[in-house]
Amino acid sequence: MAAVAGLAGGALLAVLLVFGPFEIGGTASGPWRTNLLIGDPAASPTVRAAIARRGLLALNRSETVYFNATSDENGQRLRENCTYRISFDQQPDSRWWSLTLYAGDDYLAVNGDNAHSITAENAADSMDVVVAASRPEAPAYWMSSRHAGDFALTLRLYQPDPAISDDPLQAALPRINRLSCEDQS
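Counting along the sequence shown from 1, when you hit position 5 you're at 5 in the UniProt record's numbering, and nothing is skipped either side.
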């Protein structure tokens, strides 16, 4: 009986780890999480299975460091019906970076807005990105959360400074501030 209980418990744990939230494991800095074993041959079977389930073709950390956020600075879940400001006080120390919004199903939101991602190569200034279901009236960098449900943001640092590859908490990560939310009624 103990063997059956052990097998059942192990199977349940495997399902939770592989199909659970992406941010399991790794290191956190504010709302951002990373796991330096993504793309590493030394990754555990659990990390490899979670990455494979999402279809991520991950590069080694010397090529790319991945940060994922599912909440804002106050720990509130990122939601389609809210407007956010992503503030880069300085550009991440990498050759270039991209910020992509993934819907609750781990794919790009199907909304026809063609505003899933922002990228910068050798940018020198601070910048803000508005994340909202509709385009803001004032000119701004904008990413559409329309039809995204509860979503995640993925920040990729391509060819990061070696200090970031060794210690991701050295990265200059943007702040995620909720500006407003619409009623869900």
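Idealized CB from N, CA, C, for every residue including glycine.
Just so we're clear, the structure is a prediction, and the values are computed from it rather than from any experiment.
Same chain, Cβ closer than 7 Å to residue i, neighbours up to 5 away in sequence not counted
i, result
"residue 186", "The shown model of the chain, from 1 to 185, leaves out residue 186, and the question about it has no answer."
"glutamate 163", "The sequence given here places alanine at residue 163; glutamate does not occur at that position. Closer than 7 Å at Cβ, skipping near neighbours: Gln170."
"leucine 179", "Thr83, Tyr84, Arg85"
Beta carbon of residue i nearer than 8 Å to that of residue j
i, j, result
"glycine 149", "glutamate 80", "yes"
"serine 145", "leucine 101", "yes"
Alpha-carbon to alpha-carbon, residue j and residue i
i, j, result
"threonine 27", "tyrosine 158", "18 Å"
"proline 92", "proline 45", "30 Å"
"histidine 147", "serine 94", "31 Å"
"aspartate 167", "alanine 115", "31 Å"
"tyrosine 141", "serine 117", "10 Å"
"aspartate 183", "arginine 135", "18 Å"
"aspartate 113", "alanine 2", "54 Å"
"alanine 138", "serine 126", "18 Å"
"aspartate 161", "valine 65", "10 Å"
"alanine 49", "leucine 108", "21 Å"
"glutamine 90", "glycine 75", "22 Å"
"methionine 143", "arginine 33", "20 Å"
Residue i: first and last residue of the uninterrupted beta strand (DSSP E) it sits in
i, result
"proline 160", "152-160"
"alanine 28", "27-29"
"asparagine 177", "175-181"
"tyrosine 107", "Premise fails: tyrosine 107 is in no beta strand (DSSP E) and is neither H nor E."
"serine 87", "82-88"
"asparagine 68", "64-69"
"alanine 132", "127-132"
"serine 145", "Per DSSP, serine 145 belongs to no beta strand (DSSP E) and is neither H nor E."
"arginine 33", "32-34"
Cut-off 6 Å between Cβ atoms - residues of its own chain near residue i, not counting five sequence neighbours on either side
i, result
"arginine 61", "Leu36, Ser165"
"glutamate 155", "Inspection of the sequence shows that residue 155 is occupied by leucine rather than by glutamate. Taken in chain order, the residues that qualify are Phe67, Leu99."
"threonine 119", "Ser98"
Other residues of its chain near residue i: CB distance less than 8 Å, five sequence neighbours each side excluded
i, result
"residue 187", "In the structure displayed, the chain extends from 1 to 185; residue 187 sits before or after that span and is not available."
"cysteine 181", "Arg79, Asn81, Cys82, Thr83"
Query raised in the report: Taking one C-beta from the segment 126-134 and one from the segment 85-95 each time, how about it: are there three or more such pairs within less than 8 Å?
Result: yes
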